[in-house]
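Last residue of the sequence shown: number 160 in this note's numbering, and the count goes up by one each step with no gaps.
Built from N, CA and C at the ideal position, the CB exists for glycine as well.
Heads up, the thing below is written out as structure tokens.
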Amino acid sequence: MYRQELARLQIFQGLSPSELDLVDSITEHIRLPKDQVIFEQGQRASHLYILQEGQVVIRFKPYDGPPLTVARIEPGGVFGWSAALHRDTYTSSAVAEMDSEAFCIPAASLYWLCDQCPDTGNVVLQRLAKVVSERLRSTHTPILNILRHGMDESS
Numbered sequence: 006m007y008r009q010e011l012a013r014l015q016i017f018q019g020l021s022p023s024e025l026d027l028v029d030s031i032t033e034h035i036r037l038p039k040d041q042v043i044f045e046q047g048q049r050a051s052h053l054y055i056l057q058e059g060q061v062v063i064r065f066k067p068y069d070g071p072p073l074t075v076a077r078i079e080p081g082g083v084f085g086w087s088a089a090l091h092r093d094t095y096t097s098s099a100v101a102e103m104d105s106e107a108f109c110i111p112a113a114s115l116y117w118l119c120d121q122c123p124d125t126g127n128v129v130l131q132r133l134a135k136v137v138s139e140r141l142r143s144t145h146t147p148i149l150n151i152l153r154h155g156m157d158e159s160s
């Protein structure tokens with residue numbers, strides 16, 4: 006149903022038509038109105054999301070401070086990857102910053118794909134690992150700056 010749209014996303018580019026059919030069979034398309042909370046930090050990690058259009062903001066709430074914006078997800082970006090990493094809960098919250106659309110894959114379906122079609126699952130997981138690695142690198146400096154700024158104010 007969404008095979009052509011999925012084929013354009015970087016995480017699925019180069020998959021064969023039959024592999025895209027498998028991914029399509031486990032993928033749902035959702036609409037996210039502006040300001041909709043997609044998931045909360047600490048909520049059970051149940052879905053992986055790929056933004057099709059719009060923008061999603063990722064926020065982390067430290068124990069003793071206000072929420073921090075740690076990432077802005079643009080079309081083609083992946084979020085909610087705690088679900089794909091077998092984490093019990095999401096480590097951050099996700100909120101639609103504008104009317105948006107996304108594909109979501111239930112974690113159980115992603116595990117099924119990896120179990121039943123290991124070659125396809127491996128390609129998707131390798132690409133997901135690359136996304137996670139890039140995101141961690143890109144959020145490291147802003148978080149460090151926020152922490153330094155907070156320390157400067159308390160001095």
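| Check | Outcome |
| --- | --- |
| Short Cβ contact (7 Å threshold) for I16 with R92 | no |
| For C122, the three-state DSSP class (helix, strand or coil) | coil |
| Within the region 30-87, ranges of the beta strand (DSSP E) (whole runs, at least 3 residues) | 33-37, 42-44, 52-58, 61-65 and 73-78 |
| Contacts around A99, its chain only, beta-carbon distance under 6 Å, and the 5 residues preceding and following it disregarded | I43, F44, V61, I63 and F84 |
| Residue range of the beta strand (DSSP E) that includes A101 | S98 to A101 |
| Coil, strand or helix - A89 by DSSP | coil |
| Exposed unless 16 or more other CB atoms sit within 10 angstroms - verdict on Y54 | buried |
| Anticipated Cβ contact below 8 Å, L56 with A107, distance rounded | 5 Å |
| Distance between M103 and A12 (C-alpha atoms, nearest Å) | 24 Å |
| Length of the line joining the Cα atoms of S87 and S105 | 21 Å |
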